[in-house]
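I have placed the structure first, in the form of structure tokens, so that the comments after it can refer back to it.
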Amino acid sequence: MTTATISTPAEKYLEAVQRGLSDLPAEDIEEVLQDLAAHIAELGEDNPEASLGSPDAFIAEFRASAGLDSVGARSPGRARTWLTERLAAIKRSRTRLAQMVEPLGAPITRRSDEIRTAWIWSRGLLGLAAFVWISHDRFYGNQGWLLSNGLLLNLIVVASATALSVWLAGKRGTWWQRTESLASIVIGGLILLAIISPRYVPYPEEIYPDTFDQSAPALLIGPNGPIQNIYAYDTSGNPVQVLLYDEYGNPLQTLPEYAYDEAETYAGQSEPFIWEGYEIRFATDTYGRPIGNLFPLERYEWTETGARSAPQPPPVIGIPALPGPTADDGTASETEATAPAAQQETTTTTMVDEGMASTTSEATTSTTPKN
Amino acid sequence: MDTTQLLKGVLDTAVLAVLRRGNTYGYDLVRQLRDSGFDDVGDASVYGTLRRLFGGGYLTSEIVPSDEGPPRKYYGLNNAGRDMLDSATKTWGHFSLVMSELLAEEAV
Chain D
1 MTTATISTPA EKYLEAVQRG LSDLPAEDIE EVLQDLAAHI AELGEDNPEA
51 SLGSPDAFIA EFRASAGLDS VGARSPGRAR TWLTERLAAI KRSRTRLAQM
101 VEPLGAPITR RSDEIRTAWI WSRGLLGLAA FVWISHDRFY GNQGWLLSNG
151 LLLNLIVVAS ATALSVWLAG KRGTWWQRTE SLASIVIGGL ILLAIISPRY
201 VPYPEEIYPD TFDQSAPALL IGPNGPIQNI YAYDTSGNPV QVLLYDEYGN
251 PLQTLPEYAY DEAETYAGQS EPFIWEGYEI RFATDTYGRP IGNLFPLERY
301 EWTETGARSA PQPPPVIGIP ALPGPTADDG TASETEATAP AAQQETTTTT
351 MVDEGMASTT SEATTSTTPK N
Chain H
372 MDTTQLLKGV LDTAVLAVLR RGNTYGYDLV RQLRDSGFDD VGDASVYGTL
422 RRLFGGGYLT SEIVPSDEGP PRKYYGLNNA GRDMLDSATK TWGHFSLVMS
472 ELLAEEAV
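One line per chain: the protein sequences are D and H, in this order. FYI, in the numbering used here the residues of the first sequence are 1 to 371. FYI, in the numbering used here the residues of the second sequence are 372 to 479.
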């Protein structure tokens, strides 16, 4: 039993031309058939022979003007005819598929310029590589957001970047205009990434400095950016110095580990240690090493002419009223004190960053009431 | 006189001259040639010429999706094509001048 295949006159015409050019390289045949298929579509006629003449006449004229000999015009054997018909059917399927996925298909089927096609595909990968490189260690820690979010996401991004590149290749314009468009999209994506990045940053393992990681991030991220200094107060609003540790006994620091190494090298020198616009004067232990977890850090605003003479003042804060034994009348305070304020006995310390209240620690300190 | 034979000799130059107007695809190229006066130019001749010129490195090509059917392949001149057209223009100018003068001679 055989299955009958119904071909349109246009398909039959293309098949015949393909047979007549079968001695040419496959790429050349496909190029000719692409042109001819578009031409027949433009004619809009049911039977292309009305305008183009017979396939044999077309082939002869084409070969003559293209400078080809007439070898392809000879009648092929049966086995060769069967083989070329099968190849033609496969190629027609490929052409239809490519047309269905336009504009993605257009650059794929363009066989005459393989170097350009390779560049179009690799451009997407290069764009992705630039994306990963720029996001590396800037928005999402050491590993980079892309690499840390699994194979599937990476494959999706690779496919998207490549599809974008191929789509741009299908647009009219110079290669530079298309590359420029791609670059604009990548840069736009990076800006978007920068805007949404804070929600991904504070993974628990990333907020504590790693002694062995020289590029460990800042301790905490506050609403104004990375926290660099911490101010502690007792509940009366008196500033106090505190040594901060986590629940495992690790000292908490607000600068990357390498900043403290750098500070240690400055310790014995006359030159100040400058970090992000401030001169920082660390307290040192008996061995001359900076104590990084003693807060607040003594910071002086730094300009080109040198550091200011007075350290950066503590922020103005409001101390919340807390229940419990208070001053002489024995009732809870109803009002908030503003630092510095009347001293009250307590074992709780309120800590703030440079801008506003951040957290309450179990670190203990106390002050003695005056009366 | 059979213009078909004459056309064969100048079709390369005619195709390059049309492409100098701007990049275009095969069907439109044939139409422009016919509108220019080459009524008898064959579609297959134009495509054969395009293939030879492209293979010789005188043309660029670019696939452009079309809303009306299959993608169109736009051809354009590159530097080599423009040089070839300049050279052919000089040759044709000399050739046509010589031919015109020859034909204008009165019988002795």
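Glycine included, each C-beta is placed from N, C-alpha and C at the ideal position.
Counting only Cβ pairs nearer than 8 Å, list the residues of chain H close to residue i.
i, result
"G188 of chain D", "In chain order: nothing, as chain H lies at least about 24 Å away."
"L52 of chain D", "D414 and A415"
What residues from chain D crowd round residue i, counting only those whose CB sits closer than 9 Å?
i, result
"L382 of chain H", "S65"
"P397 of chain H", "One detail in the question is off: residue 397 of chain H reads as Gly in this sequence, not Pro. D35, L36, A38, H39 and E42, listed in chain order."
"G447 of chain H", "Those do not exist, as G447 of chain H stays about 11 Å from chain D at its closest Cβ, beyond 9 Å."
Are the Cβ atoms of residue i and residue j separated by less than 8 Å?
i, j, result
"P251 of chain D", "Y245 of chain D", "yes"
"P296 of chain D", "N229 of chain D", "yes"
"G400 of chain H", "V386 of chain H", "The sequence given here places Leu at residue 400 of chain H; Gly does not occur at that position. For L400 of chain H and V386 of chain H, yes; Cβs fall inside 8 Å."
"D411 of chain H", "T374 of chain H", "yes"
"I319 of chain D", "T265 of chain D", "no"
"L456 of chain H", "R391 of chain H", "yes"
"E372 of chain D", "Y300 of chain D", "Given a span of 1 to 371 for chain D in the structure shown, any question on residue 372 of chain D remains unanswerable."
"P9 of chain D", "P48 of chain D", "yes"
"A38 of chain D", "Y398 of chain H", "yes"
"Q253 of chain D", "N293 of chain D", "yes"
"L377 of chain H", "F409 of chain H", "no"
"A41 of chain D", "P441 of chain H", "yes"
"L52 of chain D", "D414 of chain H", "yes"
"L164 of chain D", "I185 of chain D", "yes"
"P315 of chain D", "Y231 of chain D", "yes"
"G372 of chain D", "R423 of chain H", "A question about residue 372 of chain D goes unanswered here, because the residues of chain D that appear run from 1 up to 371."
"A263 of chain D", "P226 of chain D", "no"
"G426 of chain H", "A451 of chain H", "no"
"L43 of chain D", "L14 of chain D", "no"
"W275 of chain D", "L243 of chain D", "no"
Run down chain D in chain order and give the residues with a C-beta less than 7 Å from the C-beta of residue i.
i, result
"K461 of chain H", "Per Cβ cutoff of 7 Å: no residues; K461 of chain H is ~23 Å from chain D at best."
"R453 of chain H", "Correct list: empty, because the minimum Cβ distance to chain D is about 17 Å."
"G464 of chain H", "Residues of chain D passing the Cβ test: none, with the nearest at roughly 24 Å."
Hey, could you find the ends of the alpha helix (DSSP H) residue i is sitting in?
i, result
"A415 of chain H", "D414 to G426"
"D380 of chain H", "Note that residue 380 of chain H is Gly in the sequence shown here, rather than Asp. Here the alpha helix (DSSP H) through G380 of chain H covers T374 to R392."
"P55 of chain D", "P55 to A66"
"E15 of chain D", "P9 to G20"
"E27 of chain D", "A26 to L43"
"R405 of chain H", "G397 to D406"
"E49 of chain D", "E49 to L52"
Can you name the start and end residues of the beta strand (DSSP E) that residue i belongs to?
i, result
"T303 of chain D", "E298 to T303"
"Y233 of chain D", "Y231 to D234"
"T431 of chain H", "L430 to S437"
"R443 of chain H", "G440 to L448"
"E279 of chain D", "Y278 to R281"
For a contact meaning CB atoms closer than 7 Å, what does residue i contact in chain H?
i, result
"F62 of chain D", "A415, Y418 and G419"
"F58 of chain D", "A415"
Which chain D residues are close to residue i, counting only those with a beta carbon under 8 Å from its beta carbon?
i, result
"G393 of chain H", "Per Cβ cutoff of 8 Å: no residues; G393 of chain H is ~12 Å from chain D at best."
"G428 of chain H", "Result: empty, since nearest Cβ-Cβ is about 12 Å, beyond 8 Å."
Inset, instruction - Examine the Cβ distances between the segment 421-435 of chain H and the segment 443-450 of chain H and report whether three or more of them are shorter than 8 Å. - result: Result yes; three or more Cβ-Cβ pairs closer than 8 Å.
Legend entry - Where the segment 404-417 of chain H meets chain D: residues whose CB sits under 8 Å from a CB there: So the list reads G413, D414, A415, S416 and V417, given in the order they occur along the chain.
Inset, instruction - Could you tell me whether the segment 463-478 of chain H touches the segment 57-68 of chain D, where touching means 3 or more Cβ pairs closer than 8 Å? - result: These segments do not touch.
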